[in-house]
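Trainee: The structure under discussion is supplied below as structure tokens; questions concerning it will follow.
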RNA sequence: GCGGAUGUGGCGGAAUUGGCAGACGCGCUAGACUUAGGAUCUAGUAUCUUACGAUGUGGGGGUUCAAGUCCCUUCAUCCGCACCA
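Numbering (full-length UniProt numbering), first residue to last: 1 to 803.
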């Protein structure tokens, strides 16, 4: 027998698959399809991470299995290649991002091929390819034309290091996610997409798909729906009303003051009546200088300023109450104003205590002089006029119907999710295809002029004022208006990185199409994605953004399914061997290439699938990887013990049928670790037998093939098992043959195991008792005692209760 | 603060509807083969105990013939959201 030379074997088979186009999809196939999608990588300079390997190998296993099950399988890969790291690197080294990107893609491609993934490379896509982003821009224009893209002047988060405006999601703790620099507030005109209009659809759509529960939950939290009421508080002596959002209209009688966000427009509206304007402006200035992080995280001590000169009127008690500005109220949520109920809200209670404001108990149960009483999901209303004596739920309904009857308010739904800040002030992104005309306003670039490409320039460094580098290139941004023909300027912002990934799954199966982003016929065949796997870090933003685009495209009749992904799963992190998150600074990064060189791609794949519970984080272990190499060595050596004989060996038949069943279902449930454990167990059985038939080995090889395709293909070839392994069919099991005829069963006395008996699986209780009591040790426990009860579960347990 | 999850050997982790806890792998121990072993093979490996046996799935309590699994309570860790009105 030849030796297991992983380098040669893997090289040979990768070449064979490439030359034979083994994994190319069938066009116009009558076969049932399977679309397995993995999150396409950002091709960074550092190369592939073992985390990618975990994410990709799982669906790789499913894809290879599906092909053997007769499906037409689409398992594609591409590049999410716009983005800051490439641009930053390009600036640093004075090279063009295009060049850097191509280089990185080449590195990633080589690595993915060396792992032996069964991607259909003819369907590769690249978000930075003009032929691709033509359609990203085109979809943006459809959003614009349907009123879902708009510009608004707001305060944005500007990173001093990257010189770029960040979405709320792109920084944490006041520091930029990418460079760690401080993030400050800057006023700017930016693009938004109205994802909030799709909040309800995005929630409802979750009922039609199969996402892991924790994924669904994170999406629901992110959308953050809450049902409450909007209530108008009149301003004494004015026609103006101050509108608040509250989830607890039942506590209206306890509202003793109001708080509005520092940016609230009411201040400007009533400036004439306000007597302490200077003080308010001072507070506004201070608030503006705080980042959102400081307002939220650091401002534990409530600050605020009372607005002098105006008073609100509580619509149910008709008493005049003061109005404050305070930065614990956010302009971005609800109406930017609240009615403060200090008796039952901790923040309001702190504020009221600090400013000496009245605190009224309206729900029985606590002591509001000591602390806010917030255990108020139920309880009895007090001090609340017509609500007195009611239960909370009843009171909420009663309050709302009162407000609606009196025209003071109405039931309202609010969402935490904000509109999607859709812009970057950088070079390496899709240009937003809009032209600003002094006469016609914002005009879309005509669709036949797409793609709107980036100018080829020397300098693409960011400006200091928060404008895109494109704003430094007059020959690019100076243009004529497509409507009036007059001089006009192009939008110089580019799209955020989330853009290209919001629709990429629609492009794979029709990646050469220049007339439409994808043909309807092909979409009708391939959509939806049957199974989408990726990281937990993308289950809110990316998943919601792409579902939003897809639902929009569905609404305008351009895609055939409401939801893009039928099923979504997520893998756990792979940690360094010290149990910490892998990072360069900790020096605990595992390079997949090293494993491939030393042990082979099959070992890498097997170990990463074996490492632990797929959904949980697991620390890398070099010894664990070595153990998997040992396993494959032992698999290779099975060739030595194959002897003549048809079918399965007598002593192995049940074990083989059991293993087929277990491996088949474990793969589907992403329990790769136990599937591999089951194959290891079967291997041990084989070796105990010291000889096996060709059919024993054949089934084993097929089960292992999706995980370790190179070694299994080679064994298949060397053992002359017939035809091509990649064209054979997945092994079947016979349910009847998965159960042992004779079982070993524990015998318990009073619930404690005192011995085991061997008996036919379908033996009755009397038989079991006879065999059990024929054993001395068991008899010694029953002698002199009375058997009061016998529990016999065939095939499981025999428990004798004695007194 | 709110929401979710997870606690099992020295380590990663297994355990249908409650039915022999610790599968499988790592590590470790002993032996075999070897010039050698950081290769390979064989055997062993939860804890306490000389043994019989007892104990054991974060802690405490409960249901049951039987609990890692069900119920109550408590602690710890991780993740998500977070002055969200």
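Glycine is no exception: its CB is placed at the ideal position from the N, C-alpha and C atoms.
Mapping DSSP to helix, strand and coil, what is residue 32?
Mentor: As a first step, residue 32 is located in the first chain; it is residue number 32 there, counting from the start. In this structure, residue 32 counts as coil in the three-state DSSP scheme.
Trainee: Are residue 198 and residue 548 closer than 8 Å when you measure CB to CB?
Mentor: The residue given as residue 198 occupies position 198 in the first chain. The residue given as residue 548 occupies position 548 in the first chain. Yes.
Trainee: Determine which residues share a DSSP beta bridge with residue 567 and list them.
Mentor: Here residue 567 refers to the residue found at position 567 of the first chain. BP columns for residue 567 point to 210.
Trainee: Give me the Cα-Cα distance between residue 263 and residue 507, rounded to the nearest whole angstrom.
Mentor: The residue labelled residue 263 in the question sits at position 263 within the first chain. The residue labelled residue 507 in the question sits at position 507 within the first chain. If I take the Cα positions, the gap works out to 43 Å.
Trainee: Distance, Cα to Cα, residue 44 vs residue 69?
Mentor: Working through the first chain from its first residue, we reach residue 44 at position 44. Working through the first chain from its first residue, we reach residue 69 at position 69. One C-alpha to the other measures close to 36 Å.
Trainee: With a CB to CB cut of under 7 Å and the five nearest residues on each side skipped, what residues in its chain are close to residue 215?
Mentor: By one-based count along the first chain, residue 215 stands at place 215. Around residue 215: 539, 568 and 570.
Trainee: With the cut-off set at 8 Å, would you say residue 320 and residue 236 are in Cβ contact?
Mentor: Position 320 of the first chain, counting from 1, holds the residue named residue 320. Position 236 of the first chain, counting from 1, holds the residue named residue 236. Cβ atoms of residue 320 and residue 236: closer than 8 Å.
Trainee: Who are the Cβ neighbours of residue 683 in its own chain at under 8 Å, not counting the five residues just before and after it?
Mentor: On the first chain, residue 683 is found 683 positions in, with the first residue counted as 1. Same-chain partners within the cutoff: 631, 634, 635, 638 and 700.
Trainee: Note down the Cα distance separating residue 114 from residue 10, rounded to an integer number of angstroms.
Mentor: As a working mapping, residue 114 is identified with position 114 in the first chain. As a working mapping, residue 10 is identified with position 10 in the first chain. Using only the alpha carbons, I get a separation of about 8 Å.
Trainee: Looking at the strands, I want to know which residues DSSP matches up with residue 226.
Mentor: By one-based count along the first chain, residue 226 stands at place 226. Residue 226 is bridged to 414.
Trainee: Straight-line CA distance for residue 200 to residue 562?
Mentor: Along the first chain, read from residue 1 onward, the residue named residue 200 stands at position 200. Along the first chain, read from residue 1 onward, the residue named residue 562 stands at position 562. Cα to Cα, residue 200 sits roughly 14 Å from residue 562.
Trainee: Have a look at residue 345 and residue 368 and give me their C-alpha separation to the nearest angstrom.
Mentor: Reading the first chain from its first residue, position 345 is the one you call residue 345. Reading the first chain from its first residue, position 368 is the one you call residue 368. When rounded, the distance between both Cα atoms is 10 Å.
Trainee: State yes or no: is the C-beta of residue 381 within less than 8 Å of the C-beta of residue 371?
Mentor: Numbered from its first residue, the first chain carries residue 381 at position 381. Numbered from its first residue, the first chain carries residue 371 at position 371. Cβ distance not < 8 Å, so residue 381 and residue 371 don't count as in contact.
Trainee: Considering Cα atoms alone, identify which of 232, 118 and 730 is closest to residue 60.
Mentor: Translated into positions along the first chain, residue 60 becomes position 60. Checking every option, the nearest Cα to that of residue 60 belongs to 118.
Trainee: For residue 673, which residues of its own chain have a beta-carbon under 8 Å away from its beta-carbon, when the five flanking residues on both sides are left out?
Mentor: For this step, residue 673 is matched to residue 673 along the first chain. Answer for residue 673: 609, 610, 611, 612, 613 and 614, listed in chain order.
Trainee: Which residue or residues does DSSP assign as beta-bridge partners of residue 421?
Mentor: To locate residue 421, count along the first chain from 1; it is residue 421. DSSP, once it has assigned bridges, lists 192 as partnering residue 421.
Trainee: Does the region 251–270 come into contact with the region 332–344, if we say contact requires no fewer than three beta-carbon pairs (one atom in each stretch) closer than 8 Å?
Mentor: yes
Trainee: From the DSSP output, read off the bridge partner residues of residue 531.
Mentor: For the purposes of this step, residue 531 is taken as the residue at position 531 of the first chain. DSSP lists 36 as partners of residue 531.
Trainee: Between the C-alpha atoms of residue 652 and residue 20, what's the straight-line distance to the nearest angstrom?
Mentor: Against the first chain, residue 652 aligns to sequence position 652. Against the first chain, residue 20 aligns to sequence position 20. Going from the Cα of residue 652 to the Cα of residue 20 covers about 36 Å.
Trainee: Would you tell me roughly how many angstroms separate the C-alpha atoms of residue 31 and residue 412, rounded to the nearest one?
Mentor: Locating residue 31 in the first chain gives position 31, counting from the first residue. Locating residue 412 in the first chain gives position 412, counting from the first residue. Using only the alpha carbons, I get a separation of about 49 Å.
Trainee: CA-CA distance, residue 232 and residue 318?
Mentor: Locating residue 232 in the first chain gives position 232, where the first residue counts as 1. Locating residue 318 in the first chain gives position 318, where the first residue counts as 1. If I take the Cα positions, the gap works out to 12 Å.
Trainee: What ranges does the alpha helix (DSSP H) occupy inside the region 649–700, keeping only unbroken runs of at least 4 residues that lie completely in it?
Mentor: 653–668 and 672–689
Trainee: Closer than 8 Å is the cut-off here; do at least three beta carbon pairs connect the region 421–429 with the region 277–290?
Mentor: The region 421–429 vs the region 277–290: no contact.
Trainee: Provide the residue(s) that pair with residue 754 in DSSP beta bridges, ordered along the chain.
Mentor: Position 754 of the first chain, counting from 1, holds the residue named residue 754. Residue 754 is not bridged to any residue.
Trainee: With burial defined as no fewer than 16 other Cβ atoms inside 10 Å of the residue's Cβ, what is the status of residue 671: buried or exposed?
Mentor: Stepping through the first chain from its first residue, residue 671 is reached at position 671. It counts as buried.
Trainee: Answer with buried or exposed for residue 77, where buried requires no fewer than 16 other C-beta atoms within 10 angstroms of its C-beta.
Mentor: Position 77 of the first chain, counting from 1, holds the residue named residue 77. Result: buried.
Trainee: Measure the Cβ-Cβ separation of residue 316 and residue 248 and say whether it is below 8 Å.
Mentor: Your numbering for residue 316 matches position 316 in the first chain. Your numbering for residue 248 matches position 248 in the first chain. Contact: no.
Trainee: Can you name, in chain order, every residue of its own chain whose Cβ lies under 6 Å from the Cβ of residue 794, other than the five neighbours on each side?
Mentor: Position 794 of the first chain holds residue 794. Excluding residues within five positions, none has a Cβ falling inside 6 Å.
Trainee: Would you be able to state if there are at least three C-beta pairs under 8 Å between the region 523–540 and the region 462–475?
Mentor: The answer is no - the region 523–540 does not touch the region 462–475, with fewer than three Cβ pairs under 8 Å.
Trainee: Excluding the 5 residues preceding and the 5 following residue 529 in the sequence, name in chain order all residues of the same chain whose CB lies nearer than 7 Å to its CB.
Mentor: Here residue 529 corresponds to residue number 529 of the first chain, with the count starting at 1. Excluding sequence neighbours, residue 529 sits near 35, 37, 505, 564, 565 and 566.
Trainee: Cα-Cα, which of 575, 251 and 438 is closest to residue 481?
Mentor: Here residue 481 corresponds to residue number 481 of the first chain, with the count starting at 1. Comparing Cα-Cα distances from residue 481 to each of 575, 251 and 438, the minimum goes to 438.
Trainee: Hey, how far is the Cα of residue 152 from the Cα of residue 551?
Mentor: Sequence index remark: in the first chain, residue 152 carries index 152 (1-based). Sequence index remark: in the first chain, residue 551 carries index 551 (1-based). If I take the Cα positions, the gap works out to 24 Å.
Trainee: I need the straight-line Cα distance from residue 492 to residue 455, nearest angstrom please.
Mentor: Numbered from 1 along the first chain, position 492 holds the residue referred to as residue 492. Numbered from 1 along the first chain, position 455 holds the residue referred to as residue 455. If you take the alpha carbons of residue 492 and residue 455, they lie about 11 Å apart.
Trainee: Is there contact here, the region 689–704 with the region 756–766, by at least three beta-carbon pairs under 8 Å?
Mentor: no
Trainee: Which runs of the alpha helix (DSSP H), 4 residues or longer, sit entirely within the region 481–528?
Mentor: 520–526
Trainee: With burial defined as no fewer than 16 other Cβ atoms inside 10 Å of the residue's Cβ, what is the status of residue 361: buried or exposed?
Mentor: Taking the first chain and counting its residues from 1, one reaches residue 361 at position 361. Classification for residue 361: buried.
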